Amino acid sequence: MNSAEHIAEARKNLVETGGRTSQDLGLGRIVGQVLVYLYLQPKECSLDVLEQELGLSKASVSVAARQLESLGLVQRVWIKGERKKYYRSAENIARALQQGVLSMLRHKVEYFGGELEKSMNLLDGEVASENEEDRDFLRQRVKRAKKLQERLDSVLGNPLVHLLAKMNRK
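FYI, the numbering for the sequence shown is 1 to 170, going by UniProt numbering.
Shown next, in the form of structure tokens:
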């Protein structure tokens, strides 16, 4: 194997690892692959290049790129005279990842809180029946989960967390 083949193999392994890690975090494999591929490139890439290099459909690459852009992990780049969309990784990928993960976590915790509220409303509206013991047990568990969700929401919204995140940027 020559030097160029070693570099290509290393890049391929990193892209696949990024895809698996992203999938494990619930973001989807393609999102991780696109992010890592762009991070490992010295300049911006078009959707056509991403599609070709990653062996994926243009639609899936486009959706992943837009998702990464909304998280601040990649930036769209316009090239004069070109109609294609070009992307590159964020300038400070560590900060972007940190902010993106915090934002995603906040949204997940808020969503979880809403689902807990819906469940509690269902349980509160339940008329007494032979399943009263099950209902009471479930209500107790939902209340405990709601307290945990509120604590997580409080921690994530704490100004100290935001200050620490800003300090990490420097």
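Note that the Cβ used here is the ideal one computed from N, Cα and C, for glycine as well. These figures come from a predicted structure and were not determined experimentally.
Report buried or exposed for residue i, applying the criterion of at least 16 other Cβ atoms within 10 angstroms of its Cβ.
i           : result
residue 61  : buried
residue 30  : buried
residue 100 : buried
residue 154 : exposed
residue 180 : Limits of the chain in this structure are 1 at one end and 170 at the other, which puts residue 180 out of reach.
residue 81  : exposed
residue 59  : exposed
residue 8   : exposed
residue 25  : exposed
residue 90  : buried
Could you check how far apart the C-beta atoms of residue i and residue j are, in whole angstroms? I think they sit under 8 Å.
i           : j           : result
residue 123 : residue 141 : Residue 123 to residue 141, Cβ: 10 Å. No contact.
residue 156 : residue 102 : 7 Å
Alpha carbons only, please: which of the options is nearest the one belonging to residue i?
i           : options         : result
residue 104 : 27, 6, 7, 91    : 27
residue 70  : 2, 139, 96, 81  : 96
residue 119 : 145, 130, 90    : 145
residue 113 : 149, 39, 154    : 149
residue 45  : 109, 11, 76     : 76
residue 42  : 11, 160, 98     : 11
residue 19  : 139, 2, 38, 132 : 38
residue 121 : 143, 133, 130   : 143
Do the region 39-53 and the region 82-91 touch if we need at least three Cβ pairs shorter than 8 Å? Taking a contact to require three or more Cβ pairs closer than 8 Å, the region 39-53 and the region 82-91 qualify as touching.
Quick check: the region 61-70 against the region 23-40, are at least 3 beta-carbon pairs closer than 8 Å? The region 23-40 is in contact with the region 61-70.
At which residue ranges does the region 67-136 contain complete alpha helix (DSSP H) runs of 4 or more residues, listed in the order of the chain? Inside the region 67-136, DSSP marks whole alpha helix (DSSP H) runs of 4 or more residues at positions 93-125, from first to last along the chain.
Going residue by residue through the region 1-80, where are the continuous alpha helix (DSSP H) segments of at least 4 residues, counting only ones entirely within it? Taken in chain order, the unbroken stretches of alpha helix (DSSP H) that lie wholly in the region 1-80 and span 4 residues or more are 3-24, 29-39, 47-54, 58-70.
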